[in-house]
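Participant: Going by the numbering used here, the residue at position 292 of the sequence shown is 557; the numbering climbs one at a time, nothing skipped. Every residue gets a Cβ at the ideal spot worked out from N, C-alpha and C, and that includes glycine. Questions regarding the structure given below will be posed in turn.
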Amino acid sequence: MQITTTLSANPTDDARLAEILANPGFGTHFSDHMLTIEWTPEKGWYDARITPYGPITLDPAAAVLHYAQETFEGMKAYRHDDESLWLFRPEANAERMIRSSHRLALPVLERDDFIQAVEALVEVDARWVPGNPDGGEKSLYLRPFMFASEKFLGVRPAQHVTFMVIASPAGAYFKGGVKPVTLWLTEEYTRAGRGGMGAAKTGGNYASSLVAQQEAYAQGCDQVVFLDAQEGTYVEELGGMNMYFVFDDGSIVTPETGTILEGITRSSIIELAGKMGHHVTERKIGIDEWREGVASGKITEIFACGTAAVVTPVGALKWDGGETAAPASQDLTMRIRQALVDVQLGRAEDTFGWMHRVGG
């Protein structure tokens, strides 16, 4: 794929960039450039280009604004101590976007083209990838996304689609260190049912979680946990993270996929925990098993995972009329988190072959 590049005439100056990278936050600052590729049935993917970051123009009748035909990914680029730049499992993001595209009736951007597009933007905006000389966890968060850009109000798959990549420097997700999150159990709202879009990474899934997340905040909780839509019994996921349960025999359970997002951090933890000697099972886990397991001590730790936060311990679970105590330990949670971060940042050997060197 040929990608043309038009560099910004007014890139962020070095002093301002240093200020941003010293305290980037999450999702508030954006790099100097963006990548765009367009698609039609006649041309396929065409006009791949990197241009200065800026607003995009959409017709008011653009299909995405009316029918939400879009998908996106979340991934990170890391600067290692030797100044080399790396992506974490970009092929997994590419493959998940392909699955999401099939579900949303969008064209497929092939794996190699996806990786080339992401890598090209990272190379152009390499100076936006923060280092971690202080032992921190800063990175460049990457957001590839695809949307129906055709001007048409009929309900059918769009005949003009746009794929883009933007980048935003990210600091440690948790200010002041990793702390257990308190969860609110919603018994009214669900995210997805059998045959729905739960396994696709599409904005509608996140939009559907927001009202329940508001409910969680109103109850003094950090995040919301959803149950399955069919029986209202089985734990699925949080608003934006997958879940893990650690049992007193060292085994680990994570809810099975099908109606939940197949997280890349989730799948990495399955491999990593297995290598650490823990048997990981993907199965249904009921909300009563959670409550009773914590009360009896059979469940010793619970944690959630995702690209942004990596891994976070779970504390108390609250619902209308009740509350569980926080699990007894965070030991394995924090060891898994550290092991994963160390691989991503080049502080430990990548025995899994997860890291992809930019420009290499």
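Helix, strand or coil for A604, going by three-state DSSP, please let me know.
Facilitator: helix
Participant: Just checking my contact of L300 with A357 at CB under 8 Å: how many whole Å lie between their CB atoms?
Facilitator: In fact, because the Cβ distance is near 19 Å, the residues do not count as touching under 8 Å.
Participant: What does DSSP give as the partner residues of P520 in its beta bridges?
Facilitator: R548
Participant: What is the residue span of the alpha helix (DSSP H) that R408 lies within?
Facilitator: From DSSP, R408 is part of no alpha helix (DSSP H) but of the beta strand (DSSP E) over S404 to A413.
Participant: Give me the Cα-Cα distance between E348 and I529, rounded to the nearest whole angstrom.
Facilitator: 25 Å
Participant: Can you check DSSP and say which residues form a bridge with R628?
Facilitator: Since the displayed the chain opens at 266 and closes at 625, residue 628 lies outside it and no answer follows.
Participant: Measure the CB-CB distance between A465 and S365 and report whether it falls below 7 Å.
Facilitator: yes
Participant: State the DSSP-derived secondary structure class of V373, mapped to helix, strand or coil.
Facilitator: coil
Participant: Look at the alpha carbon of T598 and the alpha carbon of T577, and state the distance between them as a whole number of angstroms.
Facilitator: 7 Å
Participant: Provide the residue span of the alpha helix (DSSP H) that contains H331, from first to last.
Facilitator: A328 to Y332
Participant: Spatial neighbours of D390 within its chain, please: C-beta separation below 8 Å, excluding the five flanking residues on both sides.
Facilitator: Taking D390 as the centre and dropping the five residues before and after it, the same chain places the C-beta of S296, D297, H298, L405 and A432 closer than 8 Å to its C-beta, in chain order.
Participant: Could you check whether T589 and R556 sit closer than 7 Å to each other, using their CB atoms as the reference points?
Facilitator: yes
Participant: Let me know the secondary structure DSSP gives V387 once reduced to three states.
Facilitator: In this structure, V387 counts as helix in the three-state DSSP scheme.
Participant: On the criterion of 16 or more Cβ atoms from any shown chain inside 10 Å, does V559 qualify as buried, or is it exposed?
Facilitator: Its Cβ being crowded by 16 or more others within 10 Å, V559 is buried.
Participant: With burial defined as no fewer than 16 other Cβ atoms inside 10 Å of the residue's Cβ, what is the status of P398: buried or exposed?
Facilitator: exposed
Participant: Count the CB pairs spanning the segment 526 to 541 and the segment 488 to 497 that are closer than 8 Å, and state whether there are at least three.
Facilitator: no
Participant: Please return the same chain residues whose Cβ sits closer than 6 Å to the Cβ of I321, not counting the five positions on each side in sequence.
Facilitator: none
Participant: Along the chain, where does the alpha helix (DSSP H) containing Y471 start, and where does it finish?
Facilitator: For Y471, the enclosing alpha helix (DSSP H) covers residues G468 to A472.
Participant: Output needed for G580: all residues of its chain with C-beta closer than 7 Å, excluding positions within five of it in sequence on either side, in chain order.
Facilitator: P445, V446, T447 and A591
Participant: With DSSP run on the structure shown, which of helix, strand or coil describes H298?
Facilitator: strand
Participant: Rounded C-beta distance between V623 and L350? I'm assuming under 8 Å.
Facilitator: 4 Å
Participant: Tell me the rounded alpha-carbon separation between P395 and A342.
Facilitator: Each residue's alpha carbon lies about 9 Å from the other.
Participant: Assess, as a yes-or-no matter, whether the segment 499 to 512 is touched by the segment 567 to 574 under the definition of 3 or more beta carbon pairs within less than 8 Å.
Facilitator: yes
Participant: Determine the burial state of N288: buried for a count of at least 16 other Cβ atoms within 10 Å of its Cβ, exposed for fewer.
Facilitator: exposed
Participant: For G571, which beta-bridge partners are listed by DSSP?
Facilitator: V575
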